[in-house]
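Here our numbering is used: position 22 in the sequence shown is 27, and no number is missing along the way.
Structure record follows, encoded as structure tokens.
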Amino acid sequence: MTKHRKNRKNRMEATSGEFQGQTMGGRRFGRDAGESKNANPSSTAMYKAKMILSALALVAILAMGYGLATQTSSSIIPTVSAVSSPSDSTAKIEGEYQVIHMNVTAYGWQPDRFVLKAGVPVKWVIDGQQLTGCNSGIKAPSLGLSFNIKKGEQTIEFTPTQAGTVPWSCYMGMIHGTFIVKDNIDTTNPEQVQKALAEAPATPKSGGCGCGMM
């Protein structure tokens with residue numbers, strides 16, 4: 006009987022030991038879970054910090070790119086002058102002639118104003134690049150000029166005899182140009198040419214006539 010009680014006691018102690026072991030293990034598991042839960046806020050804070058730093062870096066890169074794009078765009082914007090530049094409207098002296106050059110495009114004459122010296126023969130070199138029904142001819146009644154414009158280069162000769170502003174245009178009077186004739190001027194001097202252009206009346210604006218390309 007005593008031996009039976011001892012065996013029963015031993016079984017109860019063994020069962021109690023297993024239960025305590027499981028309880029202690031559960032406590033350890035609870036601590037581990039607690040530590041894991043405590044680690045999550047730290048990881049979240051680090052993740053947010055990294056995201057903020059990445060966003061700031063991206064903003065800085067975009068700002069630098071915008072600055073470069075603005076600088077590049079501003080550096081390539083062309084400057085438009087209100088009058089023909091001296092380099093275009095300045096005559097070159099070749100022998101006894103004062104020589105001027107003009108391009109004919111779909112937009113009209115380029116340039117459309119020239120400064121000339123009275124009494125000096127002129128060679129007007131015209132390059133017909135883009136001819137339309139409007140720009141295919143020029144008339145200058147006060148100079149006795151009326152001629153068709155050909156594709157490619159052609160040279161028209163005349164002599165302005167009197168100082169003043171000499172208008173000329175296409176046959177239909179839609180595309181205008183001007184000769185500014187001076188008695189005492191060095192037509193090869195850009196400063197004098199620019200002054201004469203500034204003092205002269207503006208060339209009338211050209212109007213469209215709806216003509217198609219030829």
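Glycine included, C-beta positions come from ideal geometry on N, C-alpha and C.
Treat the numbers as computed from the prediction; the structure is a model and nothing was measured.
A Cβ-Cβ separation of about 5 Å places aspartate 132 in contact with glutamate 158 under the 8 Å criterion.
The Cβ neighbour count for asparagine 140, taken over all protein chains shown within 10 Å, is at least 16; the residue is labelled buried. Counting the other CB atoms within 10 Å of its CB gives serine 151 a total below 16, which places it among the exposed residues.
The alpha-carbon separation between threonine 183 and threonine 160 amounts to approximately 18 Å. In the three-state DSSP reduction, leucine 150 falls in the strand class (E or B). Ranked by Cα distance from serine 147, the options Asn153, Thr164 and Ile154 are led by Thr164.
In the DSSP secondary-structure assignment, aspartate 132 is bridged to Asn108 and Glu158. In the same chain as cysteine 175, and ignoring 5 residues on each side of it, the C-beta atoms closer than 7 Å to its own belong to Cys139, Asn140, Gly142 and Ile143, in chain order. Under the DSSP definition of a beta bridge, threonine 208 lacks any partner. One thing to note: valine 104 has its Cβ no nearer than 8 Å to the Cβ of isoleucine 154.
Between threonine 193 and alanine 123, the beta carbon gap of about 15 Å keeps them out of contact (Cβ cut-off 8 Å). Valine 130 and methionine 107 have their C-alpha atoms some 6 Å from each other.
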